[in-house]
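Each residue of the sequence shown is one higher than the one before, starting from 2 at the first, in my numbering.
We put the CB at the ideal spot given by N, CA and C, even for glycine.
These numbers were taken from a predicted model, which means no experiment stands behind them.
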Amino acid sequence: MALRGLAGSGPSSRGPLGQAGAADEEREAPAVVAAGDAPEDVEEDEGRSRGLLRWDGFSAWLHCVCVVGFDLELGQAVEVIYPQHSKLTDKEKTNICYLSFPDSNSGCLGDTQFCFRFRQSSGRRVSLHCLLDQFEKDLPVYLKKDPAYFYGYVYFRQVRDKTLKRGYFQKSLVLISKLPYIHFFHTVLKQIAPEYFEKNEPYLEAACNDVDRWPAPMPGKTLHLPIMGVVMKGDTHISVILPTVHEVDLFRCFCPVFLHSQMLWELVLLGEPLVVMAPSPSESSETVLALVNCISPLKYFSDFRPYFTIHDSEFKEYTTRTQAPPSVILGVTNPFFAKTLQHWPHIIRIGDLKPAGEIPKQVKVKKLKNLKTLDSKPGVYTSYKPYLNRDEEIMKQLQKGVQQKRPSEAQSVILRRYFLELTQSFIIPLERYVASLMPLQKSISPWKSPPQLRQFLPEEFMKTLEKTGPQLTSRIKGDWIGLYRHFLKSPNFDGWFKTRRKEMTQKLEALHLEALCEEDLLHWTQKHTEVETVDLVLKLKNKLLQADREHLPVKPDTMEKLRTHIDAIILALPEDLQGILLKTGMT
């Protein structure tokens, strides 16, 4: 059995493996899943030969696998956690229990797949997979691990069973991971969950053993990932191979509201509180992930919950009326939320998402006061006035596609490109201004601390927009200045700027390290006291540790040069000092 291509059903299927008949040419061909920008070489399953401990390979992909069932006395309960040594707090188990089942009103019969996200318990020791950390910095923001949150990928089955007291078989197989590989894990579940429901625990253990033999998800690698006799494969484009939040079926999710997609882009960009009310967890999670994705490659820095229930541990925090709604996107299905979240400023109410090819009726923007009853019609309920004029050209293009029955995949490509160009037009002037805050390289002296970045001054930035604003790259007119002013007060700006400032500070540290390496440090020590020389050695060793710990972007030979300098200086000191300094850290 072979998978036709990992993202064969997704919006961006293309290339030889996305074409009909390609998978049939070589049925036993190994599956390929790329975890980087462009594959450089192929990594075979060599987990054991790389000296990894038992379950290290598994931990690179998953935290654990859970089976959640329904007990007549206890309600939803975690029946199995695998591997058995996996640590979950009681609070995390409770969240997994309630988030792994659709609300009873959803009426999900048969098999349902969806995704949720929940906060990691405070006090939990963050387990950093050191092997992967150095590669994390090279990944686009939307592929990075989520340090404070877990993702839950669910395959829920509800079928009639007269032999059971309740009359129904209800069970969920759930993959818990820090990786936002939405489409990838849904594809894995589609392969193993139906078999698991037939064969139970031994099958699950075997599947986990297969995952443990997978090579780690590293950028620039093309990986073979066999699981239970199925070898997953896809073409070599990163967005198809390890699709993440940016690879949901974008047009299918935006289809009921695509006339308002630019307004929704603004709301997500500005980190406005947003609720998606949907008939089932599949629709709510897909739509929330599509919203988060629409500002890619800019990272959405606020919280988002693809599926949120009244039992969630943050329910009170997020629904209180004693303070303004938080910057968060919630996906909900329980009609109770229509009343509980009535005070939220922006609510999207959607009906059933149609299968690809079927186009639902376009919803209208309505005033919030109209959202009073549980059976309110689909619509975008908000009093928000967009800063930018609507791009009528792209709307006509999408409408024409609807009339001509253009495939959803093609519509998604158009919509994704539109969002990407809009976000890039918005972010390029900010990138250009922030780059100007970097000190000149000639101001970096090896004998002084690295210079500081200049301060970000909002008014100074606004003045740059007259000549180098978004009008250079975007045809869209409107109040761009107002949009920037609002954005500068948002969590997304705060998160973006902190990230850029950290990157630039690390670059300054790296340049300072390289300047030190070019100096004749041994000659310097001959003109200074032993105390000053020892102080220099200790500082240089700290620099080495910092460069290693923070993965500073230094040239490959810089670290080796610095070690050579340190060794030469130590050997020029008296023997008693040599012994002490050689024991102090590694050279």
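Bounding residues of the alpha helix (DSSP H) (the contiguous stretch that carries residue i)
i, result
"Gln192", "183 to 200"
"Ile228", "It is not in any alpha helix (DSSP H) - Ile228 instead sits in the beta strand (DSSP E) that spans 226 to 228."
"Gln412", "409 to 436"
"Val532", "531 to 550"
"Gln400", "393 to 404"
"Ile330", "Counting along the chain, Ile330 falls outside any alpha helix (DSSP H), though it belongs to the beta strand (DSSP E) covering 329 to 333."
"Phe309", "Element bounds for Phe309: n/a, residue is neither H nor E."
"Lys317", "316 to 320"
"Gly470", "Neither: Gly470 is in no alpha helix (DSSP H) and is coded neither H nor E."
"Arg158", "Looking at the DSSP string, Arg158 is not in any alpha helix (DSSP H); the run it does join, the beta strand (DSSP E), is 150 to 161."
"Lys584", "576 to 584"
"Ala562", "It should be noted that the sequence gives Lys, not Ala, for residue 562. That run of the alpha helix (DSSP H) goes 559 to 572."
"Gly340", "Per the sequence shown, residue 340 should be read as Lys rather than Gly. First-last of the alpha helix (DSSP H) with Lys340: 337 to 341."
"Thr526", "522 to 526"
"Ala61", "57 to 62"
Proximity of residue i and residue j at Cβ, strictly below 7 Å
i, j, result
"Met396", "Leu454", "no"
"Leu251", "Arg417", "yes"
"Asn390", "Gly479", "yes"
"Leu174", "Tyr152", "no"
"Val538", "Leu582", "yes"
"Tyr419", "Phe115", "no"
"Gly483", "Tyr388", "yes"
"Gly58", "Asp211", "no"
"Ala511", "Pro447", "no"
"Leu331", "Val276", "yes"
"Asn96", "Phe71", "no"
"Asp104", "Arg158", "no"
"Ile351", "Pro379", "yes"
"Ile570", "Thr526", "yes"
"Leu509", "Pro557", "no"
"Ser60", "Glu93", "no"
"Tyr150", "Leu190", "no"
"Ile193", "Ala207", "no"
Sequence-distant residues of the same chain with beta carbon closer than 8 Å to residue i, five excluded per side
i, result
"Asn493", "Leu270, Leu271, Gly272, Ile296, Leu299, Lys300, Tyr301, Phe302, Ser303"
"Tyr99", "Gln77, Thr310, His312, Asp313"
Neighbour-count burial assignment, residue i, 16 or more Cβ in a 10 Å radius
i, result
"Pro580", "Checking the sequence shown, residue 580 turns out to be Gly, not Pro. Its Cβ having fewer than 16 others within 10 Å, Gly580 is exposed."
"Thr267", "As written in the sequence, residue 267 is Glu, which differs from the Thr given in the question. So Glu267 counts as buried."
"Pro554", "exposed"
"Glu393", "exposed"
"Trp215", "buried"
"His513", "buried"
"Trp481", "buried"
"Glu410", "buried"
"Thr534", "buried"
"Arg55", "exposed"
"Asp313", "buried"
"Arg253", "buried"
"Glu576", "exposed"
"Gln77", "buried"
"Gly402", "buried"
"Ala436", "exposed"
"Pro203", "exposed"
Residues of its chain near residue i, where Cβ-Cβ distance is below 7 Å and the 5 sequence neighbours each way are ignored
i, result
"Thr321", "none"
"Ser426", "Pro471, Thr474, Ser475"
"Val258", "Leu265, Ile349, Val364, Val381"
"Pro430", "Thr465, Leu466, Thr469, Gly470, Pro471"
"Lys449", "none"
"Ser283", "Thr113, Gln114, Phe115"
"Phe337", "Ile311"
"Phe488", "Leu270, Leu271, Phe494"
"Lys584", "none"
"Pro274", "Pro326, Pro327, Ser328, Val329, Trp345, Pro346, His347"
Limits of the beta strand (DSSP E) - the one that residue i falls within
i, result
"Thr383", "380 to 383"
"Ile348", "347 to 350"
"Phe170", "169 to 178"
"Tyr485", "Looking at the DSSP string, Tyr485 is not in any beta strand (DSSP E); the run it does join, the alpha helix (DSSP H), is 481 to 488."
"Gln507", "Gln507 -> not in any beta strand (DSSP E); alpha helix (DSSP H) instead, spanning 492 to 518."
"Lys367", "365 to 367"
6 Å CB neighbourhood of residue i in its chain, flanking five on each side removed
i, result
"Ile477", "Leu389, Asp392"
"Val81", "Val68"
"Val249", "Glu287, Leu290, Ala291"
"Asp147", "Lys179"
"Pro84", "Trp56"
Notebook entry, point to check: Which runs of the alpha helix (DSSP H) fall wholly inside the region 71 to 129 and span at least 4 residues, in chain order?
Noted result: 91 to 100
Notebook entry, point to check: Which ranges would you report for the alpha helix (DSSP H) in the region 252 to 304 if only whole runs of at least 4 residues count?
Noted result: 262 to 270, 282 to 294
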